[in-house]
Structures are given as C-alpha cells and as structure tokens.
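Q:
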Amino acid sequence: MDEKKVNGNGRPIAENSEGGLPGTKTTRRITLRLIMATFSAVMGSLQFGYNTGVINAPKQVIKQFLNESAISRGQEMFDEDGLTLYWSIIVSIFAIGGMIGGLLGGWWADFFGRKNGFLLNCVIGLGAGILMLTSRYADSYEMIIIGRLLIGINCGLYTGLTPIYLSEIAQANIRGALGTLNQLGVTVGILGSQIVGFPEVLGSESGWHILLGLAIIPCAVQVLTMPFCPDSPRYLLITKRREEAATKALRALRGEADVTADLDEIKNEDKAQHQEAKVSIVGLFKASNLRWPLLISIVMHLSQQFSGIVAVFYYSVGLFESAGLSSSTASYATSGVGAVMVVMTFITIPLMDRVGRRTLHLSGLASMFIFSLLITITLALRHKVAWFNIASIVMSLLYVASFALGPGSIPWLIVAELFSQGPRTAAISVSVLVNWVANFAVGFLYQYMQLGLGDYSFLPFTGLLFLFVAFLYKTLPETMNKSFEEISSSFKSGNKNVQNGKTTNDVDFVAKYTPTQP
C-alpha cells in the first residue's frame, strides 16, 4: 500500500498525476515578473557589496583629502595617529549605520511593506550618495562620514528587506537559488567597486568623490523597476489580509492561473502562526521553542563576519602590499578577490538546491579554516621562502572562494527559512544586527590587529573558524526543499519543555533534529 505524503501538521497532502502538489508541475516556469522582481530586489544586495568594497582602493587619496580639508579651514594637518583614527571612522561608521538599519529592518518591512519598504529606503541611499559626491566640492570630510553613516543605514535595511522579499516570492524548489542571487548581487557590487576604483578610472585624486557617489545608481535603478514588481504574497495575505491581492501577485510570479497550492501553503503557515502570540524581538529571546533556531541564526552570521572576510574586503590592498606587491599591483590583485567571489557565486547557485545549505556552509567554513592557517604560514615565512609571497596571495584567493561557496550567502538565506512568518522579521532583525556589529568590530579593529600581530593577524580568525565548524556541525539542520511550516514545526515539536522550572531539554532536541551527514 502506498504511503501518503503529509504536511508539517500530519495532514495528508493531495498529489497530481506527476507526484506534485495540486495545481503544480514538476518543473515550474521562471516568469518574467519573477525575474524582474528578483533583479530589482538584488539592487539592494549590489548596493551593499559596492559600499563594502568601494572604500578599499581610494584610501591614500581620501587621507590626503582629510589634510587638504583641514588646511583649507586654517587648521593643522593631521598626524599619522589622527589620520588612522579618522580613516577608521570613515571605514567603520558604515557598519554602525548598518547596525541601525539592520535592527530596523524587520519593523520597516512589516510597517511599510516589502515593496514600499524598498522604495522608501532608496530615498536614504540617494541622499547618502549625493552627500559623498559633493563632499569634495564643499571641502568637508564630515560629509563623507555622514554619507557613509546614511549609506550604512540604507544597506542595513537592504540586508533585512532583500532576503525577506526573495524568500517570500520564491517557491520552495528555487528558494535556495534566489537566496544565492542575493549574494551574487553583493559580489558583483564588490567587483564593480574594485574595477571603478582603479587609479586609472575613479580611484584617483580627481575621481574618488564620484567613486563614492555612484551609490546613487542602484537606488535609481530600483526606483525605476520596483513599482512594476508584485509585493510579497505572504505579506499581502498574512499581514495585510488581502487574499485577492496575494492571489494576483502569485499568478504574476508563477505564470499560472491556478495558485491554490501556494495559497494553501501560506494559509497553513498562517494557521500555525495563530497558534502562538505575535513574536517581538524581546519575545524572541523569551520563547523557549525559538531558542535553538535563534542561536543557530546568530552563530551563522557570526561565522560569516568573524571568519575574517571583512578584513580582506576592507584591507586587501594593504594585505597584498604586505605580501610584497607594489601599491598599483595590489589594487589590481584586489579585483581578483571580487572576480573569484562572482565566479564562485555563479557555481553555487545550482548547488544550493541540490547539495544543500548545511553541506555548503560547513564545507566553506572548513576550507576557510585551512586556508586562513596557510595565509598565516606563508606570510610569516615569506622572508625565508621567496615563492611564499605569491603563495600567500593564492591562499587569500582560495580563502575568498571558500567564503563564496556557502558562508557568503547562506546566513542571509537560512534565517528566513528557520522561522515562520510570526517571528521571522524579529529574527532577521536580530541576526542582521549581530552581523553588522561583527562587521564593525572587524572593520575597526583589524588594522590595529595588523599593527599588533603583524603576519599573525589572521590567527584569531582561524581559531574562531574552528569553533564555528564544531558548533554548526552539531546543530545546523538542512532546510533544502522544505516548506517554512515544515521547518518551524520541526523546531516546535522537537523542543521538550520540562515542568517545575527546569531547563529545556535542548540536548534531546539537537540529537533528534541534527542530520547524520555533514
């Protein structure tokens, strides 16, 4: 006798003649509206990537501008310590803005909606770009700092809005691929910033302000395209209670008249959500059944930033110079970082829904552990072994490739998958905040780590990578091809609360819900 498939609540699911859900086909079309919505949303990822990488190349000319700005006001030039401090502020205040935007991201997405949230965020991005573009003409380094803060808020909101929107417009079988496009946008932005940051292009004394001001382009493209994209069907149905609008959005995204299966999945998630109270950020930390998915989400984002990748993005020119390259050659070598990221992200897209999130993330972290150790060895011994100069650069590029394999994209994707609609925005806000705090910490402290540790500055990241691999190997579940309801139900049913004030039996939960294969 054939076994019937059941959903996360144990109810039987009807199938069509091809073994799929009713109203579906085994292979669903990728529609023009879905492509357009994805393209428009990924402009936010491109903005994040561009402003992460753009500050790397023009370091010396901006430092020169700091002194020129001070002299034009009749002030004394900055000494080396002063230049280091102000440069650290210009680099890291981007992450402070990201913390603010990241913390607001969930509320922003719920209050304004996914689509309107994107459009309103563009106003912040356009304002930031104009400030940085005009800072040179005003002889004001303060405008750079304020612009970097605002563009950080803009990017922080994007790091919440983009993964939410992409996860909610995609059907389960391509959710991983669309989530990887978020990372592709980031990598293309980083590569683009490195190319236009060449001294021969805009990374010069006469062009650095235009380089920073190009941040207006992703926002302008999004303003022109997002009005023609459908809003999130999940947001329309669950939050706004507009079933007709949700149906219309689903039909546009799927290219099918019959979207009953998609509507039923969203309604099932809605019913499951109504069995528990609306979850705020405070409630997220209090709910025992959300403890493990929240902890996993936080560690996933910490593993991304404390892997040391931010040090490569922000300070790769200096890192390559320490390996013996000239300043101009180091700038060109830095573009190799962006190129490797883009190529590896393209490779990862088809793997995400075949190999799985867990395997890709753990494989990437484990490879980063190995290559970060080799970076330290080659840097420390380059004076004794001539070819170790080149080897350290090769190890750095392999380290970046390992990051793009999984750790670059999966933390942004998996948080939206681990939580149902109720706690999802709060969980994403917390995770994004953690990500930006870690980004700020590494961005601000790494140049001091270089001064203090020298060639051994990557060793702290090596130790943290080992801890991340060990923890996530034990706790990270596989979410590939599972509905949101199935994933969240597994956490709820797996958590066993003990009465009389005793703690939750989390060990039993992990043992029950951790896959046996990495």
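Note that this note's numbering has the sequence shown beginning at 143, numbered continuously upward. Ideal Cβ positions, reconstructed from N, Cα and C, are used throughout, including at glycine.
(1) Using 8 angstroms for Cβ pairs, my map puts T322 next to M494. What's the rounded Cβ distance?
(2) Could you tell me how far apart the beta carbons of F260 and L303 are, in whole angstroms, since I believe they sit closer than 8 angstroms?
(3) In three-state terms, what does DSSP make of F600?
(4) In the structure shown, what three-state DSSP assignment does L426 receive?
(5) Taking only three categories from DSSP, how would you classify Q217?
(6) Once the 5 residues before and after L539 are set aside, which same chain residues still bring their CB inside 8 angstroms of it?
(7) Nearest to L227 by alpha carbon, out of F610, L609 and Y590?
(8) Measure how close the beta-carbons of L356 and A568 come, nearest whole angstrom, since I'm counting them as under 8 angstroms.
(9) Please report the straight-line C-alpha distance between I286 and I570, rounded to a whole angstrom.
(10) Near G165, which residues of its chain fall below 6 angstroms by C-beta distance, leaving aside the five closest residues on each side in sequence?
(11) I need the straight-line Cα distance from I438 to K205, nearest angstrom please.
(12) Just to confirm before moving on: does the CB-CB distance between L188 and G327 stay below 7 angstroms?
(13) Does the region 387-399 come within contact of the region 291-302, defined as at least 3 CB pairs closer than 8 angstroms?
(14) Can you tell which of Y279, L333 and I172 has its C-alpha closest to the C-alpha of N193?
(15) Looking at C-alpha atoms only, which residue of G248, I316 and F545 is the closest neighbour of V454?
(16) Less than 7 angstroms between the C-beta atoms of Q106 and G460, yes or no?
(17) For K413, which of helix, strand or coil comes out of DSSP?
(18) Taking just the CA atoms, how far does F530 sit from L268?
(19) Got a sec? Which residues, its chain only, sit under 6 angstroms from C264 by beta carbon, not counting five neighbours each side?
(20) Quick check: what's the CA-CA separation for I242 versus V527?
(21) If you check the beta carbons only, do D412 and I380 fall under 7 angstroms apart?
(22) Leaving out the 5 sequence neighbours to the left and right, which residues in its chain are closer than 7 angstroms to G191 when beta-carbon positions are compared?
(23) Measure the C-alpha to C-alpha separation of R524 and G596 and round it to an integer number of angstroms.
(24) Can you list, in chain order, the residues of its chain whose CB lies under 6 angstroms from that of V574, leaving out five sequence neighbours each side?
(25) What are the start and end residues of the alpha helix (DSSP H) that includes H525?
(26) Compare the beta carbon distance of T520 and F600 with 7 angstroms and say whether it is the shorter of the two.
(27) Using 7 angstroms as the threshold, is the C-beta distance between R499 and I423 below it?
(28) Who are the near neighbours of A199 in its chain, counting only those whose CB is closer than 6 angstroms to its CB and skipping five residues on each side?
(29) Could you check what DSSP says for A280 in three-state terms: helix, strand or coil?
(30) Going by DSSP in three states, I238 sits in which element: helix, strand or coil?
(31) In this structure, how does DSSP classify A179 when only helix, strand and coil are distinguished?
(32) Measure the beta-carbon distance from L291 to G239 and round it to whole angstroms, keeping in mind my assumption that it falls under 8 angstroms.
(33) Where does the unbroken alpha helix (DSSP H) through A357 begin, and where does it stop?
(34) Tell me whether Q325 is buried or exposed, calling it buried when 16 or more other Cβ atoms sit within 10 Å of its Cβ.
(35) Which term fits G318, buried or exposed, when burial requires 16 or more other beta carbons within 10 angstroms of its beta carbon?
(36) Please report the straight-line C-alpha distance between F462 and I629, rounded to a whole angstrom.
A: Put simply:
(1) Yes, they are in contact, since the Cβ atoms of T322 and M494 sit about 5 angstroms apart, within 8 angstroms.
(2) Between F260 and L303, the beta carbon gap of about 6 angstroms places them in contact (Cβ cut-off 8 angstroms).
(3) Under the three-state reduction of DSSP, F600 is assigned to coil, being neither helix nor strand.
(4) DSSP places L426 in helix when its eight states are reduced to three.
(5) DSSP, read as helix, strand or coil, puts Q217 in coil.
(6) Correct list, in chain order: G478, V479 and V482.
(7) Comparing alpha carbon positions, the residue from F610, L609 and Y590 closest to L227 is Y590.
(8) That pair is no contact at about 34 angstroms.
(9) C-alpha separation (whole angstroms): 29 angstroms.
(10) Note that G165 has pLDDT 40, beneath the 50 cutoff, so the model's placement of it is unreliable and the number below is only indicative. Taking C-beta separations shorter than 6 angstroms and ignoring five residues to either side along the sequence, the partners of G165 in its chain run D400, T402 and A403, following chain order.
(11) Take the alpha-carbon of I438 and the one of K205: they are about 40 angstroms apart.
(12) Yes.
(13) Per the Cβ contact rule, the region 387-399 is not in contact with the region 291-302 (fewer than 3 Cβ pairs under 8 angstroms).
(14) Measuring from the Cα of N193, the nearest candidate turns out to be L333.
(15) Minimum Cα distance to V454 is reached at F545.
(16) Residue numbering for the chain in the displayed model covers 143 to 660; residue 106 lies beyond these limits and cannot be assessed.
(17) In this structure, DSSP gives K413 a helical state, which the three-state scheme calls helix.
(18) L268 and F530: Cα-Cα distance of roughly 44 angstroms.
(19) Cβ within range, chain order: C361, Q364 and V365.
(20) Taking the CA atoms as reference points, I242 sits about 46 angstroms from V527.
(21) Going by C-beta atoms, D412 is nearer than 7 angstroms to I380.
(22) Only G327, V328, T329, V330, G331 and I332 meet the Cβ criterion.
(23) Distance between the alpha carbons of R524 and G596 is about 13 angstroms.
(24) By the criterion of a C-beta distance shorter than 6 angstroms, V574 is surrounded in its chain by G244, G247, T301 and G302, once the five residues flanking it on both sides are discounted.
(25) Counting along the chain, H525 falls outside any alpha helix (DSSP H), and DSSP gives it neither H nor E.
(26) In this structure, F600 does not lie closer than 7 angstroms to T520 by Cβ.
(27) No, they are not a contact pair.
(28) Contacts found: G339, G345 and S473.
(29) Three-state result, A280: coil.
(30) I238 falls in the helix class under three-state DSSP.
(31) The DSSP-derived three-state label of A179 is helix.
(32) Between L291 and G239 a beta carbon distance of about 4 angstroms is seen, short of the 8 angstroms cut, so the two are scored as contacting.
(33) A357 -> no alpha helix (DSSP H), and no H or E assigned at all.
(34) Around the C-beta of Q325, 16 or more other C-beta atoms lie within 10 Å, and the residue is accordingly described as buried.
(35) So G318 ends up on the buried side.
(36) Going by the C-alpha atoms only, they are around 43 angstroms apart.
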